[in-house]
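Chains as they are written, first to last, in the numbering used here: chain A, 106 to 348; chain B, 106 to 348. By construction, the Cβ of each residue, glycine as well, lies at the ideal position given by its N, Cα and C atoms. To keep things clear, I will list the structure first and then write my remarks on it.
Number of protein chains: 2
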Amino acid sequence: MSHQPSAAMLVIGNEILSGKTRDANVQFIGESLANMGIVLAEARVIRDDHQTIIEAVRDYSHRYDYVFTTGGIGPTHDDITAAAVAAAFATDLEINPAAAELIGGDPDHPRMKMAQIPVGATLIENSVSRAPGFQIENVFVLAGVPSIAQAMFAALSARLQRGQAIVSANADVFMKESDIAVPLTSIASANGDVEIGSYPFSRDGTYGANLVVRGTDADRVDAVMNEVVSAMSALGGEVVRRA
Amino acid sequence: MSHQPSAAMLVIGNEILSGKTRDANVQFIGESLANMGIVLAEARVIRDDHQTIIEAVRDYSHRYDYVFTTGGIGPTHDDITAAAVAAAFATDLEINPAAAELIGGDPDHPRMKMAQIPVGATLIENSVSRAPGFQIENVFVLAGVPSIAQAMFAALSARLQRGQAIVSANADVFMKESDIAVPLTSIASANGDVEIGSYPFSRDGTYGANLVVRGTDADRVDAVMNEVVSAMSALGGEVVRRA
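Listed below in structure tokens is the structure:
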């Protein structure tokens with residue numbers, strides 16, 4: 106799985122860590138990146154704390170090709186992401202004229218806080234509620250509300266260098282994971298060019314595992330999945346290959 | 106908000122980062138800890154990679170009072186959490202007799218991989234599917250399947266030192282965040298002993314914000330929420346205080 110840019114994600118917000126809100130952005134961005142051949146290597150959920158955001162942004166910006174942040178760019182006192190990202194790159198916030206025009210209305214209105222963008226940043230369009238996100242160096246700063254984060258991701262995706270897309274094949278096996286572990290391990294060992302995952306489930310009292318083969322070569326993924334399905338069928342269990 | 110133990114969480118699994126699965130454990134554990142007066146300070150989602158897990162466990166174990174991991178303790182080849190946590194504490198895995206008895210059956214069966222527990226660890230009961238989690242030093246190692254993670258958390262919670270519980274008050278304001286930012290900021294500045302969060306929403310085309318006041322003193326939380334509600338009503342917007 107070579108030739109794939111790397112990415113990391115910072116989910117910024119006390120409300121995720123207190124359990125008030127369940128994050129939806131890691132799943133969406135992780136899946137979108139995978140479809141573009143970009144590997145989401147890691148994600149962190151951090152508090153709305155100035156110094157914590159600065160350190161996390163710097164760390165990820167050095168270590169990964171792309172960094173995505175979600176949360177903390179609204180107009181209220183607890184929205185501190187833009188100022189922290191500016192500080193991480195040793196720059197200041199300024200009223201961005203294009204952002205101010207997008208937001209519109211009275212320049213003294215508190216919503217103009219959302220036009221304060223780090224010097225040198227490029228805007229990211231928000232087709233849902235206008236106030237833009239922004240990109241500074243390799244860091245993309247998005248809203249936390251999932252519908253807005255998704256619109257912003259769509260607007261920025263043309264800026265990302267795609268890698269070799271990851272192809273996957275999927276099958277449900279209606280046996281306990283421990284009963285399939287031995288053949289699965291030997292297939293995984295013999296096919297190091299693909300990744301084989303086993304994800305247990307329980308549906309209506311029936312135990313099983315969803316098996317996933319992932320790789321960049323569609324023929325190899327298909328061949329290894331065929332091998333998996335044969336091995337599972339040989340154990341006498343029901344196997345349903347998914348589309 | 107003093108006298109509160111700190112915690113961090115490691116969500117271990119490629120399937121979360123690829124978007125295949127949406128994590129549910131951060132929300133559950135974050136909320137459960139908050140109810141016990143323990144602050145979830147940070148969470149990381151990392152890949153099923155031996156060295157990555159070792160480094161993350163060591164880092165968090167030093168920096169926080171409690172660490173919770175979810176994922177990667179099943180019987181298949183991609184379940185590598187137990188071995189990595191053992192390595193993080195420079196110890197080995199061994200067949201734990203109590204775990205083997207809980208799991209039951211043939212000692213040569215592959216499910217016995219789940220009885221391999223770091224030397225010196227204490228088991229955590231699994232009332233859903235028997236194979237236990239474990240605690241080593243301040244690190245609690247739980248399954249990734251949410252129903253099992255929740256059962257394990259219930260089984261271990263008596264081992265945690267509770268802090269001052271965090272009390273919260275909640276109100277929905279049917280105005281745009283930018284229209285409430287000014288009074289909200291001055292109330293937040295004047296009441297540094299509580300935390301005020303503003304979380305925008307859009308429901309059926311209506312914009313609003315959910316305002317949350319959090320703190321350890323119930324009377325102060327209530328008083329500040331009353332102040333918030335009065336200020337919002339004075340702006341002419343609809344305010345609905347939630348139970």
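Interface flag, residue i vs chain A, CB-CB below 8 Å
i	result
His214/B	yes
Asp128/B	yes
Val329/B	no
Val333/B	no
Asn119/B	yes
Glu282/B	yes
Ser262/B	no
Ala348/B	no
Gly268/B	no
Gln132/B	yes
Ala286/B	yes
Ala139/B	yes
Val278/B	no
Met106/B	Low confidence applies here, because Met106/B scores a pLDDT of 42, under 50, leaving its location unreliable; read the following figure in that light. Taking Cβ atoms only, chain A never reaches closer than 8 Å to Met106/B, which makes this a no.
Inter-residue CB distance, residue i and residue j (contact presumed, cutoff 8 Å)
i	j	result
Ser338/A	Val344/A	6 Å
Asp183/B	Gly302/A	5 Å
Met274/A	Asp309/A	Before going further, note that residue 274/A is Ala rather than Met in the sequence given. Not a contact, Cβ separation roughly 25 Å.
Pro212/B	Ile241/B	Pro212/B to Ile241/B, Cβ: 23 Å. No contact.
Thr174/A	Leu247/A	7 Å
Val172/A	Leu115/A	7 Å
Pro110/B	Gln266/B	6 Å
Ile285/A	Leu340/A	7 Å
Classification of residue i by the beta-carbon crowding that lies within 10 angstroms, buried from 16 upward
i	result
Pro215/A	buried
Thr311/A	exposed
Arg347/B	exposed
Ile200/B	exposed
Gln132/A	buried
Gly320/A	buried
Ser335/A	exposed
Asp197/B	exposed
Ala259/A	exposed
Glu120/B	buried
Ser294/B	exposed
Gln255/B	buried
For residue i, the first and last residue of its enclosing beta strand (DSSP E)
i	result
Ala274/A	Val272 to Val278
Ala148/B	Val144 to Ile151
Pro305/B	Glu300 to Arg308
Ile208/A	Unbroken run through Ile208/A is the alpha helix (DSSP H), Pro202 to Ile208; no beta strand (DSSP E).
Chain B within 8 Å of residue i, Cβ atoms only
i	result
Thr290/A	yes
Gly101/A	What the structure shows of chain A is the stretch from 106 to 348, and residue 101/A is not part of that stretch, so it cannot be assessed.
Val345/A	no
Leu122/A	yes
Val317/A	yes
Residue i - containing alpha helix (DSSP H), residue span
i	result
Thr350/B	Here chain B comprises residues numbered 106 to 348, so residue 350/B is not present and cannot be evaluated.
Ala220/B	First-last for Ala220/B: undefined, no H or E at that position.
Arg325/B	Ala323 to Ala339
Phe258/B	Pro251 to Leu261
Ala295/A	Glu282 to Ala295
Asn243/A	Looking at the DSSP string, Asn243/A is not in any alpha helix (DSSP H), and its letter there is neither H nor E.
Ala189/A	Thr186 to Ala193
Quiz item: Residues in the segment 168 to 190 of chain B with C-beta within 7 Å of chain A's C-beta atoms, listed in sequence order?
Solution: Gly179, Pro180, Thr181, His182 and Asp183
Quiz item: Going along the chain, which residues of the segment 144 to 163 of chain B sit with their C-beta nearer than 7 Å to a C-beta in chain A?
Solution: Leu145, Ala146, Glu147, Ala148, Arg149, Val150, Ile151 and Arg152
Quiz item: When you check each C-beta in the segment 293 to 305 of chain A against every C-beta of chain B, which residues fall closer than 9 Å?
Solution: Ala293, Ser294, Glu300, Ile301, Gly302, Ser303, Tyr304 and Pro305
Practice problem: May I ask you to list, following chain order, the residues of the segment 245 to 259 of chain B that have a beta carbon less than 7 Å from some beta carbon of chain A? | Solution: Val250
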